[in-house]
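Shown next, in structure tokens, is the structure this report addresses.
Numbering (the working numbering), first residue to last: 493 to 591.
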């Protein structure tokens, strides 16, 4: 790949849900990708340079929400981000004492 080429990384909905579940530290529940859309409108130049009414639909936010069943948009947090069963180890540091 040369300097002019740019990478494109695509993710399916389950990959997005998994990443967000891990980012938020969730270990239980079924979580689905949630996308909030807005709606705008205006009169814009359309085909043949004619002014026509048009709708603009922006993505306002992306997140996850808890749902009841696993489907193509969701993951089980207990499976994709299980809680650690290993006990946490306390790091003990010795103190230097002056003589």
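For every residue, glycine included, the Cβ atom is placed at its ideal position computed from N, Cα and C.
Excluding five sequence neighbours on each side, which residues of the same chain lie with their C-beta closer than 7 Å to the C-beta of residue i?
| i | result |
| --- | --- |
| residue 545 | 533 and 535 |
| residue 570 | 519 and 520 |
| residue 552 | 528, 529 and 530 |
| residue 510 | 567 and 572 |
| residue 508 | 525 |
Since residue i contacts residue j with CB under 8 Å, what's their CB separation in whole angstroms?
| i | j | result |
| --- | --- | --- |
| residue 505 | residue 564 | 6 Å |
Within a Cβ cutoff of 6 Å, which residues of the same chain sit near residue i, ignoring the five residues on either side of it in sequence?
| i | result |
| --- | --- |
| residue 568 | 522 and 562 |
| residue 555 | 526 |
| residue 538 | 544 |
| residue 547 | 533 |
Excluding five sequence neighbours on each side, which residues of the same chain lie with their C-beta closer than 8 Å to the C-beta of residue i?
| i | result |
| --- | --- |
| residue 514 | 572 and 573 |
| residue 550 | 529, 530 and 532 |
| residue 560 | 522 |
| residue 541 | none |
Could you check which residue in the options has the C-alpha nearest to that of residue i?
| i | options | result |
| --- | --- | --- |
| residue 512 | 500, 558 and 498 | 558 |
| residue 576 | 517, 499 and 501 | 517 |
| residue 566 | 540, 541 and 524 | 524 |
Continuous beta strand (DSSP E) assignments of at least 3 residues falling wholly in the segment 519-576:
522-529, 532-537, 543-548, 551-559 and 566-568
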